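Numbering (the UniProt record's numbering), first residue to last: 1 to 346.
Virtual Cβ for every residue (Gly too), placed ideally from N, Cα, C.
Source: prediction; values computed, not measured.
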């Protein structure tokens, strides 16, 4: 049997230590640094593109977003739905980012103290989420409610930003006819579009011609009563169109309605609708004046009456200046004889 040879542990210093001056070959080091720089640039470029294209979710302080940058199309909050939204944010956090656009300058860079005091972004969509987060932050003081997740959009023009706002609300909950008409009017007032037609097609490109026609008609109601209505989102389509027709017929109706709504301040949507319906109802046409019946002629009084026969009589008035001959005997022959007799004595 062959003998086994015992192996001894390796001695650490047996082969010496590498010289401190030795390193990787220069070409390998340069290649490694170049590859690392290229990878960093690629990642940084992709992040920049994702940010510019609205694919990168940003975490922004609430104070840096101007919620009033655009006139909102949604006019009212449903208390029950808003409470549910707050409960969801409190329990699960924000699940869907809002959409914002930059207000000029370097949104990602350092800004002066004066610039920092003003919002850096304008809100496109997500107004309810912003409002809910602000209320939660005020109520709880928790820092998680002090920021909002947002996508930075770069719409090609202001009209595209308005269209994005309208589309987001149309998807979540259809806007009322009044709200649609109002947002078109506001877009025109702010110069976003140069004509009614451009505004209607720009904000509601997918709706039918008949619906756009209704929105155009309802713009008269928004022009007359915007700011005076307390429950504008509760007006039915039928009520809005009927009111638009009445406004076109009565130029004084708009001011009358504004004054009445301000004076009476109805407390419910039903009371407001009833007030509008009552004041805009066409006045009933006055009944044609009935012609007064002619006063009956005073009954003639005759002092004398001579009956020559059952078929002929003569009556003389009390002044003795008028006589009436009547009866079946009065015929053409008698009349001619009387004419000749009177002519001979005239």
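Between the segment 176 to 186 and the segment 140 to 149 there are fewer than three inter-stretch CB-CB distances shorter than 8 Å, so the stretches are not counted as touching. Distance check between residue 153 and each of 314, 195, 103, 118 places 103 closest, using alpha-carbon atoms only. If the five residues before and after residue 190 are omitted, its C-beta is found closer than 6 Å to no C-beta atom of its own chain.
In the three-state scheme derived from DSSP, where H, G and I count as helix and E and B as strand, residue 207 is classed as coil. Note that the C-beta distance between residue 185 and residue 222 is below 7 Å. Judged by DSSP in its simplified three-state form, residue 166 adopts helix. Residue 162 sits buried, since 16 or more C-beta atoms from the chains shown fall within 10 Å of its C-beta.
Listed as beta-bridge partners of residue 59 by DSSP are 149. Minimum Cα-Cα distance from residue 252 among the listed residues 332, 228, 280 corresponds to 280.
Residue 130: not part of any beta strand (DSSP E); member of the alpha helix (DSSP H) spanning 127 to 140, first to last residue. In this chain, the beta strand (DSSP E) harbouring residue 317 covers 312 to 317. Beta-bridge annotation (DSSP): residue 101 is paired with 122, 153.
Beta-bridge partners assigned by DSSP to residue 194: none are found. The straight-line gap separating the alpha-carbon atoms of residue 207 and residue 91 is approximately 37 Å. With a 10 Å radius around the Cβ and a threshold of 16 neighbouring Cβ atoms, residue 255 comes out exposed. As the crow flies, the alpha-carbon of residue 126 is around 7 Å from that of residue 99. Within 10 angstroms of the beta-carbon of residue 335 lie fewer than 16 other beta-carbons, which makes it exposed. If you look at residue 183, you'll find it in the alpha helix (DSSP H) that goes 177 to 189. The beta strand (DSSP E) runs lying completely inside the segment 203 to 257 and spanning 3 residues or more number zero.
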